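Quick note on numbering: the sequence shown equals residues 171 to 739 in our numbering.
Glycine included, every Cβ here is placed at the ideal spot set by N, Cα and C.
A quick note: this is a predicted structure, and the numbers were derived from the prediction, not measured.
So the structure is just underneath, and the comments pick up after that.
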Amino acid sequence: MDVKGLSWKQAWEITQRTVAYTNHTVLPEALEKWSFTLLGELLPRHVEIIAMIDEELLHTILAEYGTEDLDLLQEKLNQMRILDNVEIPTSVLELLIKAEENAADVEKAADEEQEEEGKDDSKDEETEAVKAETTNEEEETEVKKVEVEDSQAKIKRIFGPHPNKSQVVHMANLCVVSGHAVNGVAEIHSEIVKDEVFNEFYKLWPEKFQNKTNGVTPRRWLSFCNPELSEIITKWTGSDDWLVNTEKLAELRKFADNEELQSEWRKAKGNNKMKIVSLIKEKTGYVVSPDAMFDVQIKRIHEYKRQLLNIFGIVYRYKKMKEMSPEERKEKFVPRVCIFGGKAFATYVQAKRIVKFITDVGATVNHDPEIGDLLKVVFVPDYNVSVAEVLIPGSELSQHISTAGMEASGTSNMKFSMNGCLLIGTLDGANVEIREEVGEDNFFLFGAQAHEIAGLRKERAEGRFVPDPRFEEVKVFIRTGVFGTYNYEELMGSLEGNEGYGRADYFLVGKDFPDYIECQDKVDEAYRDQKKWTKMSILNTAGSFKFSSDRTIHQYARDIWRIEPVELP
């Protein structure tokens, strides 16, 4: 408008045709709310334009829902406005006041009609009415003024800003309103976006909402970082066409039981595990056995991703080992190297406590001569893409264990599956679709489902949740100081109580713990049968073809960007 001299209508239409919104998270802290005052000071012209967009939205809401039910309208505005707790624009305010006045006039007319019907027709009353007529006209004029003032006061009371609330700009709402399309990044996430996060917008503009499941590039996450396995895939599929047409990976399914392929597959995995052994020695000084199962969880450290559930499971495993004789241990447990990696945000204290706890557990377990190579716990420092390119090809089990409904998609789950790693996880994010593609028997599933989470939190708040004795056993064990002198009460406290910020086990670690450790027993059982495990590994790679970024980008181009591919000569 300012530079090219376009009208508001022209500029707004171009913007909406051009812009689309991909939502990558349902976490409230990531759906940003910016200070209206600060934004106004720094970018005053931007705020003027945002206010115009907000005004346009308000008129759309009024046109859709009308002005008869002010409570309904207030609910819609509370959930959908871009400018929260900011004065209603004059054009909207006038419409609301006029509607309220009209409603008052209709109500008054109805009352008067009722009074007329109930009047006595006696002449005495008629005479009295004539005498009072002049007085009534004057009074009506005064009442009309009061009614107008009352209508204005009522509208301002309902829709005006609250003095004790912050004035903020809802950036996600701005995105939804400004774009012609809104998409989530996995099927379950896109449903949550429609049903929960932006439900009011979905009801208003259902045609805007779609799904685009994430993908990763097989050129980097298979060919580049796992050349040995890539050669095997090329050999058995007949060409390297799978690099650009990942559907060709599905051809591996028909060879999944082939002993020659299984032998080559295990050898490649073993060589990649040796690279991890060297990395761990270089980065931490720990020496781990390549004959153990390599169990990996690498991702941003966050309570919803539940590294805490993983390490509590390891502590339970360690405690059970300590209670057994050496012979019983070897009989019961498959040797494991449990590897963690990831960054904790600078001010996220609880995440840093989780990292500290993992390293403390590792320091104890890794130096316990009774346990030896049966269990190692390693936190790889300075996690980055280069580290991931070593860890992912050599991993055998990877953990994607977020609280159901909280992970938008995840992409490391796709990278692991593509490299023939088996997944243990919840029905969250892209896990749902990965399990569908690789086969339910080739995915270790546990945990509460997304539609159950709200009810489980309510159960906890009402004091009806009873924790599993094994979960309580782990907490008691940690509090004995077996992992050092650091005070972990803040960490433990987050899993206790029924209410309060940072308490009441919001991420349901205790709820899912028994199911998780029982699922880990199934992992041990499956790993003992290496022929079966290798087949499951091959089927994971074969089923990962859907999760190529080529497919994702093609869907964006076709459905959102609406561009045609250019055919190269």
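Could you tell me which of 223, 725, 484 and 373 sits nearest to residue 506, measuring between CA atoms? Here residue 506 is taken as the residue at index 336 of the sequence shown, counted from 1. In terms of CA proximity to residue 506, 484 leads the group 223, 725, 484 and 373.
Apply the 10 Å Cβ neighbour rule to residue 435 and answer buried if 16 or more other Cβ atoms are within range, or exposed otherwise. To locate residue 435, count along the sequence shown from 1; it is residue 265. Counting Cβ neighbours within 10 Å, residue 435 comes out buried, since at least 16 surround it.
Nearest-angstrom Cβ-Cβ length linking residue 244 and residue 328, presumed shorter than 8 angstroms: Taking the first residue of the sequence shown as 1, we reach residue 244 at position 74. Taking the first residue of the sequence shown as 1, we reach residue 328 at position 158. Yes, residue 244 and residue 328 are in contact; Cβ-Cβ is about 6 angstroms, under 8 angstroms.
From which residue to which residue does the beta strand (DSSP E) around residue 509 run? Sequence index remark: in the sequence shown, residue 509 carries index 339 (1-based). Here the beta strand (DSSP E) through residue 509 covers 506-511.
Candidates 464, 574 and 265: closest to residue 231 by CA position: For the purposes of this step, residue 231 is taken as residue 61 along the sequence shown, with counting starting at 1. Comparing Cα positions, the closest option is 265.
Give me the residue from 715, 727, 737 and 729 with the minimum Cα distance to residue 419. Residue mapping note: residue 419 aligns to position 249 of the sequence shown, counting from 1. The shortest C-alpha separation from residue 419 is found at 715.
My understanding is that residue 422 touches residue 389, with C-beta atoms under 8 angstroms, so please give their C-beta distance in whole angstroms. Locating residue 422 in the sequence shown gives position 252, where the first residue counts as 1. Locating residue 389 in the sequence shown gives position 219, where the first residue counts as 1. Incorrect: roughly 18 angstroms between the Cβ atoms, too far for contact.
Grab me the residues of residue 680's own chain with a C-beta within less than 8 angstroms of its C-beta, minus the 5 sequence neighbours each way, in chain order. Working through the sequence shown from its first residue, we reach residue 680 at position 510. Excluding residues within five positions, the ones whose Cβ falls inside 8 angstroms are 635, 637, 638, 641 and 665.
Could you compute how far the alpha carbon of residue 459 sits from the alpha carbon of residue 607? Mapped onto the sequence shown, residue 459 falls at position 289. Mapped onto the sequence shown, residue 607 falls at position 437. One Cα belongs to residue 459, the other to residue 607, and the distance between them is close to 32 angstroms.
Please report the straight-line C-alpha distance between residue 411 and residue 578, rounded to a whole angstrom. Within the sequence shown, residue 411 is the residue found at index 241, counting from 1. Within the sequence shown, residue 578 is the residue found at index 408, counting from 1. For residue 411 and residue 578, the distance between alpha carbons rounds to 31 angstroms.
Bridge partners - residue 548, DSSP secondary structure assignment: Within the sequence shown, numbered from 1, the residue matching residue 548 stands at position 378. Bridge partners of residue 548: 509.
Cβ pair count under 8 angstroms reaching 3, the segment 182-197 against the segment 573-591: yes
List the DSSP bridge partners of residue 463. Within the sequence shown, residue 463 is the residue found at index 293, counting from 1. Looking at the DSSP assignment, residue 463 forms a beta bridge with 506.
8 angstroms Cβ cutoff met for residue 580 and residue 550: Within the sequence shown, numbered from 1, the residue matching residue 580 stands at position 410. Within the sequence shown, numbered from 1, the residue matching residue 550 stands at position 380. No; because the gap between Cβ atoms is not below 8 angstroms, this pair is not in contact.
Taking the straight line between their C-alpha atoms, what separation do you get for residue 234 and residue 599? Along the sequence shown, one-based indexing puts residue 234 at 64. Along the sequence shown, one-based indexing puts residue 599 at 429. Spanning the two alpha carbons is a distance of roughly 33 angstroms.
Is residue 213 helix, strand or coil by DSSP? In the sequence shown, counting from the first residue as 1, residue 213 sits at position 43. Three-state result, residue 213: coil.
Could you tell me whether the segment 539-558 touches the segment 356-376, using the rule of 3 or more Cβ pairs below 8 angstroms? no
What residue does the beta strand (DSSP E) around residue 716 start on, and which one ends it? Working through the sequence shown from its first residue, we reach residue 716 at position 546. First-last for residue 716: undefined, no H or E at that position.
Evaluate residue 473 with the Cβ neighbour count: other Cβ atoms within 10 Å of its Cβ, from every protein chain shown; 16 or more gives buried, anything less gives exposed. Translated into positions along the sequence shown, residue 473 becomes position 303. Buried, by the Cβ-count rule.
Classification of residue 415 by the beta-carbon crowding that lies within 10 angstroms, buried from 16 upward: Mapped onto the sequence shown, residue 415 falls at position 245. Exposed, since its Cβ has fewer than 16 Cβ neighbours within 10 Å.
List the whole-angstrom C-beta distance separating residue 526 from residue 647, where the pair is believed to meet the contact cut-off of C-beta under 8 angstroms. As a first step, residue 526 must be located in the sequence shown, where it is residue number 356. As a first step, residue 647 must be located in the sequence shown, where it is residue number 477. Actually they are not in contact, since the Cβ atoms of residue 526 and residue 647 sit about 17 angstroms apart, beyond 8 angstroms.
Starting from residue 204, trace the beta strand (DSSP E) both ways and give me its first and last residue. As a position in the sequence shown, residue 204 is number 34, starting the count at 1. Residues 203-205.
Under three-state DSSP, which class holds residue 587? Numbered from its first residue, the sequence shown carries residue 587 at position 417. The answer is helix: DSSP assigns residue 587 an H, G or I state.
So what's residue 483 in DSSP terms, helix, strand or just coil? Here the question's residue 483 lines up with position 313 in the sequence shown. If DSSP states are grouped into helix, strand and coil, residue 483 belongs with the helices.
Excluding the 5 residues flanking residue 461 on each side, which residues of the same chain have their C-beta closer than 8 angstroms to its C-beta? For the purposes of this step, residue 461 is taken as the residue at position 291 of the sequence shown. If we look at residue 461 and ignore the five residues flanking it on each side, its Cβ neighbours are 505 and 543.
Bridge partners for residue 471 per DSSP, in chain order? Taking the first residue of the sequence shown as 1, we reach residue 471 at position 301. Bridge partners of residue 471: none, in fact.
On the premise that residue 686 lies in contact with residue 548, defined as a C-beta separation below 8 angstroms, what is that separation, rounded to the nearest angstrom? Stepping through the sequence shown from its first residue, residue 548 is reached at position 378. Stepping through the sequence shown from its first residue, residue 686 is reached at position 516. Between residue 686 and residue 548 the Cβ distance is about 20 angstroms, and since that is not below 8 angstroms, they are no contact.
Since residue 644 and residue 486 should fall inside the 8 angstroms C-beta cutoff, what is the C-beta to C-beta distance between them, to a whole number of angstroms? By one-based count along the sequence shown, residue 644 stands at place 474. By one-based count along the sequence shown, residue 486 stands at place 316. With a Cβ gap of about 5 angstroms, residue 644 and residue 486 count as contacting.
Proximity below 8 angstroms, CB of residue 518 to CB of residue 349: Residue numbering aside, residue 518 sits at position 348 when the sequence shown is read from its first letter. Residue numbering aside, residue 349 sits at position 179 when the sequence shown is read from its first letter. Contact flag unset, no.
Three CB pairs or more closer than 8 angstroms across the segment 329-340 and the segment 235-255: yes
Which word fits residue 300, buried or exposed, when buried means at least 16 other C-beta atoms lie within 10 angstroms of its C-beta? For the purposes of this step, residue 300 is taken as the residue at position 130 of the sequence shown. Low confidence applies to residue 300: its pLDDT is 49, below 50, so where it sits in the model is not reliable, and the reading given next is rough at best. Per the 10 Å Cβ criterion, exposed.
According to DSSP, residues forming a beta bridge with residue 685: The residue you call residue 685 lines up with position 515 of the sequence shown. In the DSSP output, where bridge partners are listed per residue, residue 685 has none listed.
Excluding the five sequence neighbours on either side, which residues of its own chain have a C-beta within less than 6 angstroms of the C-beta of residue 345, listed in chain order? The residue labelled residue 345 in the question sits at position 175 within the sequence shown. Excluding positions up to five away in sequence, the list reads 191.
Quick one: grab the DSSP three-state call for residue 254. The residue labelled residue 254 in the question sits at position 84 within the sequence shown. Looking at residue 254 - three-state DSSP - the assignment turns out to be strand.
On the criterion of 16 or more Cβ atoms from any shown chain inside 10 Å, does residue 424 qualify as buried, or is it exposed? Working through the sequence shown from its first residue, we reach residue 424 at position 254. Only exposed fits residue 424, as fewer than 16 other CB atoms lie within 10 angstroms of its CB.
Using the C-alpha atoms, what's the distance from residue 352 back to residue 268? By 1-based counting over the sequence shown, the position of residue 268 is 98. By 1-based counting over the sequence shown, the position of residue 352 is 182. Their backbone Cα atoms lie some 35 angstroms apart in a straight line.
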